[in-house]
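Undergrad:
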Amino acid sequence: MEGGVPLGAYIAVSAALFFIGCAGVLMRRNAVVILMCVELMLNAANLALVAFSRRYGSVDERGSVFVTFVFVVAAAEVAVGLAIVLSAYRTRPVVDVDEARAMRG
Amino acid sequence: MNAAEGSQVAGEFIRLVWLVPAFPLAAFLINGLFGKRWLGHATGWIASAAIGASALLSIGIFFDVLRSDGHGTTVTLYRWIGVGDFHVDIAALVDPLSSVMLLVVTIVSFLVHVYSIGYMSHDHGFYRFFAWLPLFVFAMLILVLADNYLLMFVGWEGVGLCSYLLIGFWFERPEPAYAAKKAFVMNRIGDWGFTIGMIVTFLVFGSLSFTEVFEHVDIAEQGVLSLICIAFFLGATGKSAQLPLYSWLPDAMEGPTPVSALIHAATMVTAGVYLVARSTPLFEAAGSVLQIVAVVGALTAIFAATIALVQTDIKRVMAYSTVSQLGYMFLALGVGAPIAAIFHLATHAFFKALLFLGSGSVIHAMGGEQDMRKMGGLRAKLPITYWTMLIAGAALAALPPLAGFWSKDEIVGAAFLNGYPLLWGVGVFTGGLTAFYVTRALWLTFHGEPRDHHLYDHAHESPRVMTVPLLVLAVGSVLAGFIGFPPEDGFIHRFLPPAIYVHGHEAHHPELAVIAGLAAASVFAGLVGIAIGLSMYARRRPDPNAVRRAAGPVHRILANKYYVDELLDRRFVDLSRAFAGAAWAFDAHIIDGIVNRIGWAFGLTGAGLRRLQTGIVGNYALSIMAGVLAILALYGGYAIGIIRR
């Protein structure tokens with residue numbers, strides 16, 4: 396990867412995405428937005444994986460394969476997550492996660 | 057595996073020795089499993105037939121042993137416990153001692169079983185009775201046949217259990233239930249002694265087999281042997297109702313009368329005598345323990361005889377008489393005359409079983425009444441019972457030539473000849489007391505005017521199934537003494553010695569004049585007792601009531617059995633209750649307390665920790681994130697080298 400975008404840039408973007416997602420998960424209250432932020436974090440990880448795979452592709456290409464797995468898991472996670480949000484919304488019409496405190500010990 | 061090993065080729069019947077206890081066991085299983093629904097009153101005949109078969113086999117075995125050289129044959133059924141060098145076999149030791157015991161146990165058991173068919177015929181627990189009685193015989197035969205202490209202990213506990221079950225046979229009433237419990241608990245104290253004796257024997261000799269232990273008696277120190285013997289003797293005092301553990305036996309009379317005759321007169325209570333006689337090599341080597349045995353025996357004999365003087369319940373008179381006669385047997389063991397002890401055991405089994413069965417016949421005739429003050433004049437109504445009981449009573453009073461004379465006289469004589477003149481005096485005096493109380497009991501029951509006309513009018517002689525055993529036992533009470541005739545040199549004296557180790561004592565053959573003098577002294581004491589009894593109760597000179605008034609405090613003490621039960625209640629029962637209460641409090645507060653506190657601590661921790669479960673998803677996410685960061689920081693620290701392993 397001589398002369399292209401340096402690896403450090405990819406990692407920086409990936410880290411930025413990850414922490415934005417992380418902050419979103421922690422601070423936002425809307426369940427749908429939280430799910431979106433989780434997607435953000437997963438994609439940050441994907442970006443890092445792809446970047447490393449490209450950099451060290453001569454040695455090992457398995458990073459890109461791993462990314463496809465993450466896609467599948469992310470899709471499943473969104474499907475389940477949205478289903479939960481939807482069914483929770485049916486019983487109690489709120490999407491604010493702080494309001495759903497029935498599991499409080 | 058049914059190997060017979062011994063000093064000679066075992067006889068045909070000795071090989072079959074395991075059938076002797078097998079018959080009663082089979083009868084127990086059949087009657088116990090099928091008796092209630094299908095067999096009903098057939099159970100009585102099944103049990104009797106089984107015991108009869110055992111008795112016939114025992115006779116065969118006896119003659120086999122008679123033909124052998126008398127050194128015993130071990131018939132092994134199988135190895136029960138085998139650990140390294142130590143082993144315990146299910147094995148029978150057939151030697152003169154156990155063959156005599158087999159004869160006594162099976163014959164008396166057979167007669168009592170037949171008698172019970174009549175005696176228990178109106179009882180709704182008929183099948184139950186005839187399930188437990190053969191079970192008792194089975195356990196007793198195991199006890200007698202065992203070739204080692206552990207198997208003997210199995211039988212020992214088995215007879216204790218059956219005794220408990222049969223004393224409490226009429227458990228609907230509170231007295232039998234209480235008496236059964238008392239017998240069991242007091243026997244447990246003795247069993248504890250037996251257990252200690254066994255454990256120490258095992259530790260010292262590394263074996264529990266009779267033959268192996270007795271061969272190596274000399275490897276043990278005197279003190280250890282004394283400990284073993286005292287422990288075994290404690291077991292014997294419990295089972296054989298000696299001081300201080302005797303008071304369960306009179307209460308055991310709450311059971312049906314055949315049970316009293318079989319278990320609490322003829323067989324089970326002699327198990328202690330058998331144990332000590334079997335362990336003679338140990339006791340002889342332990343020295344002074346035998347003196348303790350002799351003194352305890354003599355004290356028990358006179359102690360129980362004095363109580364018997366004033367009892368009004370016919371069965372209780374017989375019960376105290378049994379305690380007293382067992383005391384004689386221990387006296388014999390203690391003064392170094394174990395053969396006389398076994399001799400007296402055999403004769404006593406016959407005449408005391410007869411006295412009990414006769415009492416049972418009287419009680420049966422009187423519709424369950426046991427108080428002699430309500431009897432009287434029954435001689436005409438119960439002729440067979442009267443004459444057989446008269447024979448047994450004369451045998452108990454040791455009148456020649458009946459069975460009791462030969463055996464008891466030999467015991468008392470041995471006490472004198474072996475250097476215990478004081479114990480001889482006690483024995484002779486007790487003989488006088490015995491003659492008195494048996495005269496009194498028989499007179500009050502059979503002679504004089506009927507004191508309760510209603511009961512008298514309904515009295516009737518028992519059916520033949522009950523009187524025939526009485527007649528057979530009466531024959532035994534007359535003839536059993538002749539196995540010990542002539543004194544010191546009779547059949548039994550030649551037959552038993554290979555099995556019983558007698559330390560030099562039998563060597564002396566005293567002058568005929570000495571023997572005759574000793575016999576005359578005890579017969580004289582007996583005649584004096586009878587004469588006083590007849591004079592008091594037949595001619596009222598002195599009048600018994602006047603005597604009772606004159607000897608007020610003494611009579612009160614005797615009638616209350618020396619207040620021993622009260623003393624035991626106050627000193628031991630209350631003490632153990634207090635201890636049990638303390639133990640309960642310890643259990644409830646300390647043991648349960650610890651467990652409860654631990655549970656309480658977990659509850660408290662949980663109550664604290666549940667605050668972490670806020671239900672707010674954001675908080676969980678934050679803690680996950682914090683955890684990930686912490687792991688990353690740690691990993692990074694390792695990677696950079698800030699943190700070292």
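From first to last, the protein sequence lines are chains A and B. Heads up: the first sequence at position 103 corresponds to 498 in my numbering, and the numbers run straight through without jumps. Heads up: the second sequence at position 164 corresponds to 220 in my numbering, and the numbers run straight through without jumps. Even glycine gets a Cβ: it sits at the ideal position worked out from N, Cα and C.
(1) Counting only the same chain and skipping the five closest in sequence on each side, list residues whose C-beta sits under 7 Å from that of B/V73.
(2) Taking the alpha-carbon positions, what's the B/L678 to A/A483 distance?
(3) Comparing alpha-carbon positions, which option in B/L479, B/P542, B/L473 lies nearest B/S30?
(4) Does the structure place the stretch 220-227 of chain B close enough to the stretch 140-147 of chain B that three or more beta carbon pairs sit under 8 Å?
(5) Grouping DSSP H, G and I as helix and E and B as strand, with all else coil, what is B/A59?
(6) Would you tell me roughly how many angstroms separate the C-alpha atoms of B/R596 and B/V349, rounded to the nearest one?
(7) Does chain A have any CB closer than 7 Å to the CB of B/V651?
(8) Going by the beta-carbon positions, is the gap between B/I102 and B/A83 smaller than 7 Å?
(9) Give the single residue among B/R633, B/Y442, B/N616, B/I363 whose Cα lies nearest to the Cα of B/T523.
(10) Can you check which of these residues, A/V473, A/R424, A/A443, A/V428, is closest to A/L412 by C-alpha distance?
(11) Please work out which residues of its chain come closer than 6 Å, Cβ to Cβ, to B/P312, disregarding the five sequence neighbours upstream and downstream, and give them in chain order.
(12) By the DSSP assignment, the alpha helix (DSSP H) with A/Y405 in it spans what residues?
(13) Rounded to whole angstroms, what is the Cα-Cα separation between B/D598 and B/M374?
(14) In terms of alpha-carbon separation, which member of B/L112, B/A555, B/V329 lies closest to B/S124?
(15) What is the residue span of the beta strand (DSSP E) that B/A109 lies within?
(16) Taking 7 Å as the cut-off, decide whether the C-beta atoms of B/T444 and B/G414 are in contact.
(17) According to a CB-to-CB cut-off of less than 9 Å, which residues of the stretch 411-445 of chain A neighbour chain B?
(18) Do you know how far the Cα of B/E466 is from the Cα of B/V193?
(19) To the nearest angstrom, how far is the alpha carbon of B/I419 from that of B/F538?
(20) If I follow the unbroken beta strand (DSSP E) through B/G532, where does it start and stop?
(21) What are the uninterrupted segments assigned as alpha helix (DSSP H) that are 4 or more residues long and contained completely in the stretch 483-514 of chain B, given in chain order?
(22) Less than 8 Å between the CB atoms is what I'm expecting for B/K46 and B/H516, so what's the real figure, rounded?
(23) May I ask you to list, following chain order, the residues of the stretch 668-686 of chain B that have a beta carbon less than 8 Å from some beta carbon of chain A?
(24) Between which two residues does the alpha helix (DSSP H) containing B/I613 stretch?
(25) When we look at the beta-carbon of B/Y302 and count the other beta-carbons within 10 Å, is it buried (16 or more) or exposed?
(26) With the cut-off set at 7 Å, would you say B/A276 and B/V256 are in Cβ contact?
(27) Would you kindly work out how many angstroms separate the C-alpha atoms of B/T326 and B/I654, rounded to a whole number?
(28) Taking its Cβ as the centre, do 16 or more other Cβ atoms sit within 10 Å of B/G475, making it buried, or is it exposed?
(29) Within the continuous beta strand (DSSP E) that includes B/I137, where are the two ends?
(30) State yes or no: is the C-beta of B/L478 within less than 7 Å of the C-beta of B/F407?
(31) Tell me whether B/S63 is buried or exposed, calling it buried when 16 or more other Cβ atoms sit within 10 Å of its Cβ.
(32) Label B/V651 either buried or exposed according to how many other C-beta atoms from any shown protein chain fall within 10 Å of its C-beta, with 16 as the threshold for buried.
(33) Less than 6 Å between C-beta atoms, sequence neighbours within five positions excluded: which residues of the same chain meet that for B/A581?
(34) Please confirm if A/V462 has its CB atom under 7 Å from at least one CB of chain B.
(35) Do B/F240 and B/A233 count as a contact pair if the criterion is CB distance below 7 Å?
(36) At what residues does the beta strand (DSSP E) containing B/L149 begin and finish?
TA: On the basis of the coordinates in this document:
(1) As a position in the second sequence, residue 73 of chain B is number 17, starting the count at 1. Taken in chain order, the residues that qualify are I117, V131, A148, V150, L201.
(2) Against the second sequence, residue 678 of chain B aligns to sequence position 622. Against the first sequence, residue 483 of chain A aligns to sequence position 88. Approximately 22 Å, taken between the alpha carbons.
(3) This structure cannot settle anything about residue 30 of chain B, because the visible part of chain B is limited to 57 through 701.
(4) No, the stretch 140-147 of chain B does not touch the stretch 220-227 of chain B.
(5) Locating residue 59 of chain B in the second sequence gives position 3, where the first residue counts as 1. Because the pLDDT at B/A59 is just 43, under 50, the model does not fix this residue reliably, and the point stays unresolved.
(6) The residue given as residue 596 of chain B occupies position 540 in the second sequence. The residue given as residue 349 of chain B occupies position 293 in the second sequence. If I take the Cα positions, the gap works out to 40 Å.
(7) The residue given as residue 651 of chain B occupies position 595 in the second sequence. With respect to chain A, the C-beta atom of B/V651 has no partner C-beta closer than 7 Å.
(8) In the second sequence, residue 102 of chain B corresponds to position 46, counting from 1. In the second sequence, residue 83 of chain B corresponds to position 27, counting from 1. B/A83 sits close to B/I102, with the two beta carbons spaced by under 7 Å.
(9) Here residue 523 of chain B refers to the residue found at position 467 of the second sequence. Ranking the options by Cα distance to B/T523, first place goes to B/Y442.
(10) Taking the first sequence and counting its residues from 1, the one referred to as residue 412 of chain A is at position 17. Of the candidates A/V473, A/R424, A/A443, A/V428, the one whose C-alpha sits nearest the C-alpha of A/L412 is A/A443.
(11) Against the second sequence, residue 312 of chain B aligns to sequence position 256. Excluding positions up to five away in sequence, the list reads F225.
(12) Position 10 of the first sequence holds residue 405 of chain A. According to the DSSP assignment, A/Y405 belongs to the alpha helix (DSSP H) that extends over 402-422.
(13) Mapped onto the second sequence, residue 598 of chain B falls at position 542. Mapped onto the second sequence, residue 374 of chain B falls at position 318. In the sequence as presented, Asp is not what sits at residue 598 of chain B; that position holds Pro. Looking at the two C-alpha atoms, the distance is approximately 24 Å.
(14) To locate residue 124 of chain B, count along the second sequence from 1; it is residue 68. For the residues B/L112, B/A555, B/V329, the minimum Cα distance to B/S124 belongs to B/A555.
(15) By 1-based counting over the second sequence, the position of residue 109 of chain B is 53. That residue, B/A109, is in no beta strand (DSSP E); its alpha helix (DSSP H) goes 98-123.
(16) For the purposes of this step, residue 444 of chain B is identified with residue 388 of the second sequence, where counting begins at 1. For the purposes of this step, residue 414 of chain B is identified with residue 358 of the second sequence, where counting begins at 1. Yes, the Cβ-Cβ distance between B/T444 and B/G414 is below 7 Å.
(17) Within the stretch 411-445 of chain A, those residues whose Cβ lies closer than 9 Å to any Cβ of chain B are, in chain order, C417, V420, L421, M422, R423, R424, A426, I429.
(18) Sequence index remark: in the second sequence, residue 193 of chain B carries index 137 (1-based). Sequence index remark: in the second sequence, residue 466 of chain B carries index 410 (1-based). Taking the straight line from one Cα to the other gives about 29 Å.
(19) Your numbering for residue 419 of chain B matches position 363 in the second sequence. Your numbering for residue 538 of chain B matches position 482 in the second sequence. One C-alpha to the other measures close to 32 Å.
(20) As a first step, residue 532 of chain B must be located in the second sequence, where it is residue number 476. Run containing B/G532: none in the beta strand (DSSP E); it sits in the alpha helix (DSSP H), 520-535.
(21) If we require 4 residues or more, the alpha helix (DSSP H) runs fully inside the stretch 483-514 of chain B come out as 509-514.
(22) Outside the shown range of chain B, which is 57 to 701, sits residue 46 of chain B, and nothing can be said about it.
(23) Correct list: L668, Q669, T670, G671, I672, V673, G674, A677, L678, M681.
(24) One-based indexing of the second sequence puts residue 613 of chain B at position 557. Segment 608-615, the alpha helix (DSSP H) holding B/I613.
(25) Position 246 of the second sequence, counted from the first residue, corresponds to residue 302 of chain B. So B/Y302 ends up on the buried side.
(26) For the purposes of this step, residue 276 of chain B is identified with residue 220 of the second sequence, where counting begins at 1. For the purposes of this step, residue 256 of chain B is identified with residue 200 of the second sequence, where counting begins at 1. Going by C-beta atoms, B/A276 is not nearer than 7 Å to B/V256.
(27) Counted from its first residue, the second sequence places residue 326 of chain B at position 270. Counted from its first residue, the second sequence places residue 654 of chain B at position 598. Taking the straight line from one Cα to the other gives about 54 Å.
(28) Along the second sequence, read from residue 1 onward, the residue named residue 475 of chain B stands at position 419. By the neighbour-count criterion, in which 16 or more other beta carbons inside 10 Å mark a residue as buried, B/G475 falls on the exposed side.
(29) Within the second sequence, the letter at position 81 stands for residue 137 of chain B. Run containing B/I137: 129-139, per the beta strand (DSSP E) assignment.
(30) Taking the first residue of the second sequence as 1, we reach residue 478 of chain B at position 422. Taking the first residue of the second sequence as 1, we reach residue 407 of chain B at position 351. No. Outside cutoff.
(31) Here residue 63 of chain B is taken as the residue at index 7 of the second sequence, counted from 1. Confidence is the limiting factor: at B/S63 the pLDDT is only 42, short of 50, which leaves the residue's position unreliable and the question unanswerable from this model.
(32) Here residue 651 of chain B is taken as the residue at index 595 of the second sequence, counted from 1. The residue in question, B/V651, is exposed, as its Cβ has fewer than 16 Cβ neighbours within 10 Å.
(33) Position 525 of the second sequence, counted from the first residue, corresponds to residue 581 of chain B. If we look at B/A581 and ignore the five residues flanking it on each side, its Cβ neighbours are V484, G487, G488.
(34) On the first sequence, residue 462 of chain A is found 67 positions in, with the first residue counted as 1. For A/V462, the closest Cβ of chain B is not nearer than 7 Å.
(35) Walking along the second sequence from the start, residue 233 of chain B turns up at place 177. Walking along the second sequence from the start, residue 240 of chain B turns up at place 184. Taking the C-beta atoms as reference points, B/F240 is found no nearer than 7 Å to B/A233.
(36) Along the second sequence, read from residue 1 onward, the residue named residue 149 of chain B stands at position 93. Note, B/L149: beta strand (DSSP E), 142-150.
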